[in-house]
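K.L.:
Can you read through this structure? Questions will come right after.
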Amino acid sequence: MSAVISPAPHVSGVKTAADALLQPMRYTSRAYRRMTLLLLMVIGWAMFCFIYQAMVGLGVTGLRRPVFWGFFITDFVFWIGISHAGTLISAILRLTNATWRYPVTRAAEAITVFALMIGGLFPMVHLGRPWFFYWLAPYPTERMIWPNFRSPLEWDFFAISTYLTASTLYLYLPMLPDLALARDRSRGWRHRLYRFLSMSWQGTQVQWRRLELAIQLMAAVVIGIAVSVHTIVSWDFAMSVVPSWHSTIFGPYFVAGAIFSGIAALIVIMAILRRVYHLEAYLQPKHFSNLGKLLLTMTLLWGYFVTAEMITTWYGNLPDEMGTFWSKVSGHYAWLFWTMVLCNFIIPFPLLAIRKLRTIGGTVIASCTILVGMWLERFIIVVPGAASQRLSFNRWYGYYPHWTEISISLATLCAMTLLYMLFTKVFPIISIWELGATKHSAPAAVEE
Amino acid sequence: MLQSITRWKYLLLSLLLAGLGTAWPRLTHPTPVQPLAFPHSLHLQAGLHCTDCHRYPAQAASAGLPGVQECALCHARLRTQTPLVRQALAYARRGAEIPWRPVYRFSASAHVRFPHNMHIAAGFACSTCHGDLRKETTAHLLKPLNMGVCITCHRQYGASTECQNCHY
Amino acid sequence: MKSATIEVSLRLPCEGENAADLPAMVELLRRQGVAERRIQVLSREPLAAFPASRSHMSKLGMAGALFGFCGAITGLVVMTLDYRVHTGGMPLIASFPLGVITYEMTLLSSILAMLLTLFINARLGPARRMAGHPELDYGEAILSVHCEDRLQAQQVRELLARLDPGPMATKVRQ
Amino acid sequence: MLNSDSSTNVRPRWAMIVDLNACTGCSACVVACRAENNIPITGPDEAAYNGTIQWMRIERNWKGRDRDFRVENRPVNCQQCDDAPCEPVCPVLATYTNAEGVSVQVYNRCVGTRYCGLNCPYQARFFNWFDYAWPSPLDVQLNPDVSIRTRGIMEKCSFCIQRINAAERQAEREKRPLQADEIQPACAQSCPAQALIFGDIHQPGGRFSQAWKDPGLETLLPEVGTRPKVRYARRVATPRSVLAAAPETPVAEVEA
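Chains as they are written, first to last, in numbering that gives the first Met the number 0: chain A, 0 to 447; chain B, 0 to 167; chain C, 0 to 173; chain D, 0 to 255.
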């Protein structure tokens with residue numbers, strides 16, 4: 000290969016910590032290539048599905064009146080929720096100066112960027128005429144026609160594009176010194192790439208101070224953006240007049256749910272990274288336990304929100320809302336609802352609350368069920384709400400997803416995996432400088 | 000040397016883009032080839048008016064397209080031996096219509112209606128949009144039929160720019 | 000076009016108490032008549048020994064926020080006033096949606112302003128030529144002085160040699 | 000200036016009164032609407048899966064039980080709300096209330112987010128899930144004055160805006176004021192019981208504008224606050240049980 004990342008030139012034999020962390024970028028196993036091919040195939044299939052759906056019409060999905068929104072919006076909310084894994088958590092940890100964060104932040108911030116890329120696609124995927132998606136952007140033409148700024152979907156456009164820009168920068172800036180390291184240890188196209196991306200970072204003390212300040216300030220601003228983004232996503236529902244969507248609690252409820260699923264995604268990805276790239280020395284049980292505690296808090300918060308939401312609906316006993324309520328609790332969608340409760344609360348709670356169970360394995364199992372549960376939660380909000388209409392004549396519980404919807408939804412998972420895999424090949428997934436290259440000595444586990 | 004090559008690249012690219020930009024209306028709205036090269040110029044020079052054949056621009060939304068039987072009204076006796084007339088008469092004898100290809104046509108996704116009568120009532124001549132057909136044989140698209148052209152004119156003359164005025 | 004400079008650099012181990020010596024060395028060089036802007040301390044990680052300098056980044060971030068706020072409101076008002084459709088009594092410019100979009104644009108503009116400040120302050124930008132010292136590793140620092148001519152370079156070499164006998168390098172940089 | 004509605008002059012404001020006493024549920028309006036507005040026929044499979052498109056539909060409400068059981072037929076089309084919930088949620092402003100109070104759908108502007116469909120409490124909005132076809136000879140009956148909607152866009156009752164536009168243009172060309180009775184949407188025109196009454200609520204002293212003020216008229220789902228321009232004359236019916244409880248008088252006595 001022409002592009003190589005070489006060990007530090009003056010060190011021979013001994014592997015430094017920095018080299019160990021650059022390791023995933025150096026070697027690509029056969030399994031990695033096979034996996035990439037497989038993922039590409041699934042994504043290609045999903046693209047075919049999307050084109051097919053755009054050419055034939057959205058009728059190929061299972062959506063019909065009044066369930067105008069289904070899997071795609073569920074995916075949209077789910078992925079935007081996952082995106083709160085990174086920037087928000089990392090910013091909070093940075094501002095509170097939690098030192099155990101160092102090996103975690105970049106892995107988390109990368110999740111944000113990719114989840115946003117995927118989630119941000121769905122408002123386009125679900126359009127009836129996706130080729131006109133750019134009409135949502137205000138751009139000048141001789142017709143002088145602008146988008147409707149009163150629409151929550153328009154707020155989504157602004158919120159998500161802001162969030163994507165901010166979190167990309169928030170991922171990129173702390174990476175500058177590591178990119179410079181990679182630049183200094185590489186040849187070929189990688190060298191040219193890193194030379195461009197590292198923006199001639201030298202590591203002067205002025206640069207360091209300014210970078211640290213910028214990251215700190217940006218963390219504060221990014222929290223404001225992240226919270227607003229999922230609140231605005233929740234307003235897609237809450238600002239409507241659909242019974243059971245029109246709820247004041249949705250803003251904080253969605254933000255809490257987003258952080259909840261975000262942490263779960265982070266734990267799963269960390270466990271995979273640890274396994275695949277042998278980062279046991281950096282991603283330690285301590286990190287999983289700490290994130291597990293955070294996850295426990297969110298489990299309780301989520302349980303509180305769901306209870307509050309359901310109880311007020313039930314006690315208010317408004318006929319319009321009770322249609323949705325009963326379809327969730329004992330009706331057509333009851334099995335999904337109770338599976339969600341099982342996945343989001345009943346299984347993870349003991350796993351996270353009991354210290355002995357809050358191991359790597361325990362937190363990963365809890366996270367997996369939470370990811371499933373949170374997807375179901377989004378579905379449970381979107382579909383039964385749309386299905387139970389005010390005029391009882393129009394209630395329709397017949398929505399079943401079609402294979403295009405299922406394929407595209409599954410492919411998002413593959414896209415996330417693929418983007419993440421490619422990212423770890425090109426960028427150091429663990430912040431090398433923040434670890435101080437683990438204080439200048441290679442941990443024992445890295446020596447092979 | 001390297002720099003000059005890079006510059007050439009950009010120059011070429013911008014030329015290509017500019018070319019594409021100018022050719023775009025022609026590419027998207029190519030002038031269709033008519034089954035029969037109807038000479039508008041000859042008919043108009045002979046003293047006919049647009050409305051002698053396209054009869055209803057002042058009355059209806061559509062200006063109207065004459066059927067081949069109407070051609071035959073004159074050409075059954077007039078200049079019957081010219082090749083174009085013979086072709087047209089052949090259609091008429093078979094009881095078929097000439098499959099004219101529409102030149103001024105909106106795409107289906109534009110969902111737009113163009114009422115000729117309102118534009119005539121406002122005092123516009125046919126040539127405003129269709130050009131001087133005394134100099135042309137078959138018609139070609141003079142103005143690109145996009146919304147910018149419509150709305151610029153509507154603004155200029157104070158006509159309604161409400162969506163539903165045209166799109167329904 | 001900048002004229003060629005000669006960079007004299009000294010590589011030092013920089014762990015624990017060693018790091019504390021660095022500011023003293025910079026100070027010494029400065030007292031010997033080397034302009035401060037010519038002295039750089041490069042490292043792979045931030046050195047605690049160097050205190051944070053004052054920066055206008057937060058102020059400029061605020062200025063960016065203000066710009067975004069005003070820009071968003073102006074843009075939205077101009078756009079919606081220009082949009083002549085009847086809405087049956089509903090306002091085209093509604094206060095709350097305006098607030099939502101303005102909020103996002105404010106924060107975005109603030110972040111971009113901070114980014115710009117960082118890039119200008121820290122002299123970051125697409126690299127025209129190889130920057131820095133690739134040999135630099137963790138636990139080390141490089142004290143580098145950019146000299147105008149050979150004479151000055153020689154003086155600096157001597158100075159540095161007195162301070163520390165570590166590996167020294169001289170490079171001519173365009 | 001902030002409020003872009005400048006319709007303070009005497010432009011008409013179209014509305015409809017549905018007389019539930021007269022409606023027999025014959026569905027002539029449904030058919031007429033389909034014919035007038037080029038509404039696609041989606042077929043039995045789609046109908047089984049809720050994929051039917053009908054701008055005007057008859058909702059049958061079963062009321063009461065046992066002897067009091069009765070059926071109320073309620074024609075429901077787009078209610079042409081003054082405060083339409085469907086309008087503000089459209090990100091591209093493809094639907095708005097025009098100067099004459101008709102809530103219109105601009106097909107070419109619609110990108111198909113389907114948000115309006117969800118936010119319509121009456122479910123009066125329909126989505127073109129496919130490019131629907133009119134197999135020959137059905138294509139011959141297509142109305143040339145109405146667009147054939149392509150896939151991926153929303154559609155709904157427009158109070159037959161093509162008829163309104165045509166009549167207004169006719170009046171404009173003839174330089175005379177528009178007469179209120181010049182316009183009838185297809186549903187009202189075809190209703191054999193004359194249960195659908197269309198008119199202009201701004202017309203001074205007109206029969207329709209008088210009838211419109213009747214406080215007995217009700218709107219559908221008033222709690223949503225949409226202020227519809229379709230109002231229903233409530234059905235008047237004495238329950239059979241009440242009738243049965245009334246003292247029986249022999250018919251002969253009554254006639255005597």
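Here a beta-carbon is modelled for each residue, glycine too, at the ideal position from N, C-alpha and C. From a predicted model like this one, the values you see are computed outputs, not experimental measurements.
With a threshold of 16 other CB atoms inside 10 Å of the CB of Y314/A, please say whether the residue is buried or exposed.
P.N.:
exposed
K.L.:
Is the CB-CB distance between Y131/D and R63/A below 7 Å?
P.N.:
no
K.L.:
Check W13/D in the structure and name its three-state DSSP category.
P.N.:
strand
K.L.:
How about V103/A: is its Cβ closer than 6 Å to a heavy atom in the ligand GDP?
P.N.:
This structure simply doesn't include the ligand GDP, nor any ligand for that matter.
K.L.:
Write down every uninterrupted run of the beta strand (DSSP E) in the region 14-42 of chain C whose length is 3 residues or greater and which is fully enclosed by it, in chain order.
P.N.:
Considered as a whole, the region 14-42 of chain C harbours 38-42 as its complete beta strand (DSSP E) runs of no fewer than 3 residues, in chain order.
K.L.:
Q283/A: which of S329/A, G435/A, G360/A, I79/A sits nearest, CA to CA?
P.N.:
G360/A
K.L.:
By the 10 Å Cβ neighbour count, where 16 or more other Cβ atoms means buried, how is W402/A classified, buried or exposed?
P.N.:
exposed
K.L.:
Please go through the region 57-126 of chain C and give each complete alpha helix (DSSP H) segment of 4 or more residues, from N-terminal end onward.
P.N.:
Those alpha helix (DSSP H) runs which fall completely within the region 57-126 of chain C and span 4+ residues are 94-120.
K.L.:
Which of the residues in the region 133-157 of chain B, read from start to end, lie with their CB under 7 Å from any CB of chain D?
P.N.:
none
K.L.:
If you reduce the DSSP assignment to three classes, tell me which class R100/B lands in.
P.N.:
If DSSP states are grouped into helix, strand and coil, R100/B belongs with coil.
K.L.:
Determine the DSSP secondary structure at Q104/D, reduced to helix, strand or coil.
P.N.:
If DSSP states are grouped into helix, strand and coil, Q104/D belongs with the strands.
K.L.:
So for F126/D, helix, strand or coil by DSSP?
P.N.:
strand
K.L.:
Leaving aside the five residues before and after I222/A along the sequence, list all residues of the same chain whose C-beta is less than 6 Å from its C-beta, in chain order.
P.N.:
A90
K.L.:
Under the rule that 16 or more other beta-carbon atoms within 10 Å means buried, what is Y216/B, buried or exposed?
P.N.:
Any answer about residue 216/B is impossible in this case: the structure gives chain B only from 0 up to 167.
K.L.:
Considering only residues of the region 387-418 of chain A, which uninterrupted beta strand (DSSP E) runs meet the minimum length of 3 residues and lie entirely inside it, listed in chain order?
P.N.:
none
K.L.:
Distance check for L418/A and S288/A, CA to CA, integer angstroms please.
P.N.:
27 Å
K.L.:
Can you tell which of R161/C, V155/C, D20/C, G63/C has its C-alpha closest to the C-alpha of I5/C?
P.N.:
Ranking R161/C, V155/C, D20/C, G63/C by CA distance to the CA of I5/C puts V155/C first.
K.L.:
If contact means a Cβ-Cβ distance below 8 Å, which residues of the region 25-53 of chain C contact chain A?
P.N.:
Per Cβ criterion, the list reads Q39, V40, L41, S42, R43, E44, P45, L46, F49, A51, S52.
K.L.:
Closer than 7 Å by C-beta to F67/A: which residues in its own chain qualify, once you throw out the five before and the five after it? Chain order, please.
P.N.:
Here the set comprises A385.
K.L.:
State buried or exposed for D81/C, treating a residue as buried only when at least 16 other CB atoms are found within 10 Å of its CB.
P.N.:
By the 10 Å Cβ count, D81/C comes out exposed.
K.L.:
Please classify Y138/A as buried or exposed, where buried requires at least 16 neighbouring CB atoms within 10 angstroms.
P.N.:
exposed
K.L.:
Between which two residues does the alpha helix (DSSP H) harbouring V75/D extend?
P.N.:
Per DSSP, V75/D belongs to no alpha helix (DSSP H); it is in the beta strand (DSSP E), 69-75.
K.L.:
Would you call the region 151-167 of chain D and the region 91-103 of chain D in contact, with 3 or more CB pairs under 8 Å?
P.N.:
yes
K.L.:
With distances taken between CB atoms, is the gap from T79/C to L65/C smaller than 7 Å?
P.N.:
no
K.L.:
Use the C-beta contact count for F207/D: other C-beta atoms within 10 angstroms, 16 or more gives buried, fewer gives exposed.
P.N.:
Answer is buried; the Cβ neighbour count reaches 16.
K.L.:
Run the CB neighbour count on Y398/A, radius 10 Å, all protein chains shown included, and call it buried at 16 or more, exposed below.
P.N.:
Taking a 10 Å sphere around the C-beta of Y398/A, we find 16 or more other C-beta atoms and assign the residue as buried.
K.L.:
Once DSSP output is grouped into helix, strand and coil, what is the label at Y121/D?
P.N.:
Note: Y121/D maps to coil in three-state DSSP.
K.L.:
Out of Q202/D, G24/D, N127/D, L137/D, which has the shortest C-alpha to C-alpha gap to A192/D?
P.N.:
Out of Q202/D, G24/D, N127/D, L137/D, G24/D has the C-alpha closest to the C-alpha of A192/D.
K.L.:
Taking a cut of 8 Å between CB atoms, which residues from the region 108-121 of chain B lie near chain D?
P.N.:
Under the 8 Å Cβ criterion, the region 108-121 of chain B contributes S108, A109, H110, V111, R112, P114, N116, M117, A120.
K.L.:
Taking 7 Å as the cut-off, decide whether the C-beta atoms of P238/D and D67/D are in contact.
P.N.:
yes
K.L.:
Looking at the secondary structure, which residues open and close the alpha helix (DSSP H) in which G291/A lies?
P.N.:
284-315
K.L.:
Beta carbons nearer than 7 Å to chain D: which residues of the region 381-392 of chain A have them?
P.N.:
A385, Q388, R389, L390, F392
K.L.:
How would you write the range of the alpha helix (DSSP H) that Y101/A sits in, first residue to last?
P.N.:
Under the DSSP assignment, Y101/A falls in the alpha helix (DSSP H) whose first and last residues are 101-124.
K.L.:
Between which two residues does the beta strand (DSSP E) carrying H145/C extend?
P.N.:
139-146
K.L.:
Under a CB-based cut-off of 7 Å, is W128/D close to chain A?
P.N.:
yes
K.L.:
Out of V241/A, E141/A, T323/A, A219/A, state which residue places its alpha-carbon closest to the alpha-carbon of V88/D.
P.N.:
V241/A
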